[in-house]
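Q: Pasting a structure below so you can have a look.
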Amino acid sequence: MTEEAWMSSLLSIARHHGGVNIKGIEYSIVDKRGHTLLECSFEAEKAGKDKAIMPGEPADLLRNDFINFYKKLGRDTFISILEKNRCEDEKALKKIYREACAACNKKQ
1 MTEEAWMSSL LSIARHHGGV NIKGIEYSIV DKRGHTLLEC SFEAEKAGKD KAIMPGEPAD
61 LLRNDFINFY KKLGRDTFIS ILEKNRCEDE KALKKIYREA CAACNKKQ
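Taking the working numbering, the leading residue of the sequence shown gets 1, the next gets one more, and so forth.
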């Protein structure tokens with residue numbers, strides 16, 4: 001879910017904790033590279049920055065079990081696939097992402 005969507009909903013509580021748990025499913029805020037807010041915080045601290053994700057940079061809320069797909073496909077491709085397959089259930093969507101990742105690996 002893009003920042004524009006989750007920040008204007010009840011899920012905005014995630015910004016205080018770096019994520020949220022809904023019915024036992026963990027969701028984390030990630031940057032455009034797919035790094036969690038916690039990972040970004042460590043990087044920012046090492047670099048002497050005061051913000052983990054800079055203002056204006058994407059900060060998406062993802063189910064933790066989808067973060068690897070996001071990292072492999074990149075933000076734009078991940079979101080594009082999600083928008084085209086909104087009605088798919090979790091298993092079907094994971095299959096679509098696995099196939100997209102396999103296609104990306106063949107191109108490289």
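Ideal Cβ positions, reconstructed from N, Cα and C, are used throughout, including at glycine.
Remember, predicted model here, so these are calculated numbers, not experimental data.
#1: If you follow the beta strand (DSSP E) that residue 21 is part of, which residue opens it and which one closes it?
#2: Label residue 8 either buried or exposed according to how many other C-beta atoms from any shown protein chain fall within 10 Å of its C-beta, with 16 as the threshold for buried.
#3: By DSSP, does residue 28 sit in helix, in strand, or in coil?
#4: What are the start and end residues of the alpha helix (DSSP H) that includes residue 63?
#5: Relative to the C-alpha of residue 30, which candidate in 90, 53 and 76 has its C-alpha closest?
A: Answer, in terms of the structure:
#1: 19 to 22
#2: Residue 8 comes out exposed.
#3: strand
#4: From DSSP, residue 63 is part of no alpha helix (DSSP H) but of the beta strand (DSSP E) over 60 to 63.
#5: 53
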